[in-house]
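Participant:
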């Protein structure tokens, strides 16, 4: 138990202390003293999630309950909305039972209604109020999501949308469209100017989210990082690209990750042509689709000149596939980091200890490469390959600084790691070699799987 006579320390020091406290304990800590309440308030409201998912029973409490509870708080203290930095919105799991069939907003006073109208007038949502107080569940959810994004638009840094099944995004897109216009006009303090990361996520039991919700986020100059899971729909649809905002002006995205991609290669090619300077590309999907993805990169000179990090990982939701030939990445002149899943990269004969197969593999890599990670290694390849890969450091791979091998078996990793280090040390004293085990994810964004 925290003593009542908490010492008076500078807020900066308390903030560093409180950050080490589990989030679940913050409410109790905030009640200890006025100073700690002020310190913890920012952390308490930094994350907003409509409903957490439980393993057996889906989302609970309902979106409506969480939204209503939060709305009550914001109406009493509007300034709290400016503290929210990370937002996670889950679509109700059951369309028949999970969605509200109307909204009881009787707790809103006349003054608060005036404030709400003023706020919604700012995003040019003329029919928002009708949807918000109406009985159409899909329109209500769209309006509620739009209002949340608007409330957090001055401070939010990341947005995660889960299980999106809406076919219409009228109100949500109105918020994003207005913010994009203000950002392109370089208006000081424009809405969503702090938003950097967007994740669009689908659930196995639900249909895939439409790209209608992705494109408006791409138009925001502030967004630099995007993760798409099982998205579908035409990325090149004229309906998604207004004449005043062609694809060439859409994207300042620097990092994009596709998980279980449902879009065609033609649609992806149109999307990649819009990136000004994409620096990171993650592909978590079937191995046989990698060759088509690389065919896009092979004819996109802007990607070749700017891409610094490339991730291939076929772990998620996939079984073992026939390996494909080694891909030529030598045209990626800016590539510094390559993380590959062993089964999505190596041909069958690369398992054998032949110098020729190692030479082919190394020849496919650009000389700019600084870090190479191979996950899901087989022991024979790792034991034989490490010494040969390191031997090319002074010639083919002069900039290589870090070599990492990932094993599916922790015991194998532990037993062989010293052998690999000893083998490599005979070739190079300058190269760092590390080892990981047991299905460690190789991506950064979304590396923990579904939120």
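In the UniProt record's numbering, the protein residues as written are 1 to 451.
For glycine and all other residues, C-beta sits at the position ideal for the given N, C-alpha and C.
1. For residue 15, does the three-state DSSP call read helix, strand or coil?
2. Using only the alpha-carbon positions, how far apart do residue 116 and residue 306 sit?
3. Give the DSSP bridge partners of residue 140, in chain order.
4. In chain order, what residues of the same chain have a beta carbon less than 8 angstroms from the beta carbon of residue 295, not counting five sequence neighbours either side?
5. So residue 50 packs on residue 17, CB below 8 angstroms; how close in whole Å?
6. How is residue 402 classed by DSSP in three states: helix, strand or coil?
7. When DSSP labels each residue in this structure, what does residue 84 get in the three-state scheme?
8. Hey, quick one: how far does the beta strand (DSSP E) through residue 258 stretch, first residue to last?
9. For residue 200, which option in 182, 269, 20 and 91 has the closest C-alpha, if you only look at C-alpha atoms?
10. For residue 283, list the residues DSSP reports as bridge partners.
11. Compare the Cα-Cα distances from residue 68 to each of 9, 14 and 148 and report the closest residue.
12. I believe residue 253 touches residue 283 by the beta-carbon criterion, under 8 angstroms. Please report the beta-carbon distance rounded to the nearest angstrom.
13. When you compare only the Cα positions, how much space is there between residue 271 and residue 37?
14. Among the candidates 32, 33 and 20, whose CA atom is the shortest distance from the CA of residue 43?
15. Does the distance from the C-beta atom of residue 70 to that of residue 159 stay below 9 angstroms?
16. For residue 65, is the classification buried or exposed, using 16 other Cβ atoms within 10 angstroms of its Cβ as the cut-off for buried?
17. Taking buried to mean at least 16 other C-beta atoms within 10 Å of its own C-beta, is residue 189 buried or exposed?
18. How many angstroms separate the CA atom of residue 75 from the CA atom of residue 119?
19. Relative to the C-alpha of residue 154, which residue among 140, 27, 110 and 86 is closest?
20. Would you kindly report the start and end of the unbroken alpha helix (DSSP H) that includes residue 178?
21. Just to check my reading of the structure: residue 308 and residue 334 have Cβ atoms closer than 8 angstroms, yes? What is that Cβ distance to the nearest angstrom?
22. The beta strand (DSSP E) with residue 48 in it runs from where to where?
23. Within its chain, find whatever has a CB closer than 8 angstroms to the CB of residue 12; leave out the 5 residues flanking it on each side and keep chain order.
24. Let me know if residue 375 comes out buried or exposed under the rule of 16 or more other beta-carbons within 10 Å of its beta-carbon.
25. How is the beta strand (DSSP E) around residue 301 delimited, first residue to last?
26. Can you look up residue 347 in the DSSP assignment and give me helix, strand or coil?
27. To the nearest whole angstrom, what separates the beta carbons of residue 372 and residue 403, a pair I think is in contact under 8 angstroms?
28. Give me the Cβ distance between residue 300 and residue 285, rounded to the nearest whole Å; I'm assuming they're in contact under 8 angstroms.
29. Looking at the unbroken alpha helix (DSSP H) that takes in residue 41, where does it start and where does it end?
30. Run through DSSP, which three-state label would residue 338 get?
31. Where do the N-terminal and C-terminal ends of the beta strand (DSSP E) with residue 215 fall, by residue?
32. Find out if the Cβ-Cβ distance for the pair residue 187, residue 223 is shorter than 9 angstroms.
33. Considering only C-alpha positions, which residue in the set 221, 251 and 258 is nearest to residue 227?
34. Quick check on residue 90: does DSSP put it in helix, strand or coil?
35. Quick one: measure Cβ to Cβ for residue 251 and residue 229, integer angstroms, because I've assumed they're closer than 8 angstroms.
Facilitator: Let's see:
1. Residue 15: helix per DSSP, three-state reduction.
2. Looking at the two C-alpha atoms, the distance is approximately 44 angstroms.
3. Residue pairing of residue 140 in beta bridges, as defined by DSSP: absent, with no partner found.
4. Excluding residues up to 5 positions away in sequence, 265 lie with their Cβ nearer than 8 angstroms to the Cβ of residue 295 in the same chain.
5. Between residue 50 and residue 17 the beta-carbon gap is near 30 angstroms, outside 8 angstroms, which marks them as no contact.
6. Residue state, collapsed to three classes: strand.
7. In this structure, residue 84 counts as coil in the three-state DSSP scheme.
8. Here the beta strand (DSSP E) through residue 258 covers 255-259.
9. Of the listed residues, the one whose Cα sits closest to residue 200 is 91.
10. Under DSSP, residue 283 takes part in a beta bridge, and its partners are 258 and 312.
11. Just measuring C-alpha positions, the residue of 9, 14 and 148 sitting nearest residue 68 is 148.
12. Contact flag wrong, Cβ pair sits at about 15 angstroms.
13. Residue 271 and residue 37 have their alpha carbons spaced roughly 46 angstroms apart.
14. Considering only 32, 33 and 20, the residue with the shortest C-alpha distance to residue 43 is 20.
15. No, they are not a contact pair.
16. By the neighbour-count definition (other C-beta atoms within 10 Å, threshold 16), residue 65 is an exposed residue.
17. The residue is exposed, with fewer than 16 neighbouring Cβ atoms inside 10 Å.
18. A straight line joining the alpha-carbon of residue 75 with that of residue 119 spans about 11 angstroms.
19. Checked all of 140, 27, 110 and 86; the closest Cα to residue 154 is 86.
20. Run containing residue 178: 170-184, per the alpha helix (DSSP H) assignment.
21. With a contact defined as Cβ atoms closer than 8 angstroms, residue 308 and residue 334 qualify at about 5 angstroms.
22. Residue 48 -> beta strand (DSSP E) spans 47-49.
23. Nothing listed; no residue qualifies.
24. Buried, by the Cβ-count rule.
25. No beta strand (DSSP E) holds residue 301; the alpha helix (DSSP H) holding it covers 301-306.
26. Residue placement at residue 347 cannot be trusted, given a pLDDT of 47 that sits under 50; what the coordinates show is reported in the next sentence. Residue 347: coil per DSSP, three-state reduction.
27. Approximately 5 angstroms separates the beta-carbon atoms of residue 372 and residue 403; this is inside 8 angstroms, confirming the contact.
28. Not a contact, Cβ separation roughly 19 angstroms.
29. 34-44 is the span of the alpha helix (DSSP H), which, as asked, contains residue 41.
30. Note: residue 338 maps to strand in three-state DSSP.
31. Not the beta strand (DSSP E): residue 215 falls in the alpha helix (DSSP H), residues 215-218.
32. Contact: no.
33. Comparing C-alpha distances from residue 227 to each of 221, 251 and 258 shows the shortest one belongs to 258.
34. Here residue 90 sits in strand by DSSP.
35. Not quite, the Cβ-Cβ distance comes to about 19 angstroms (not below 8 angstroms), so this is no contact.
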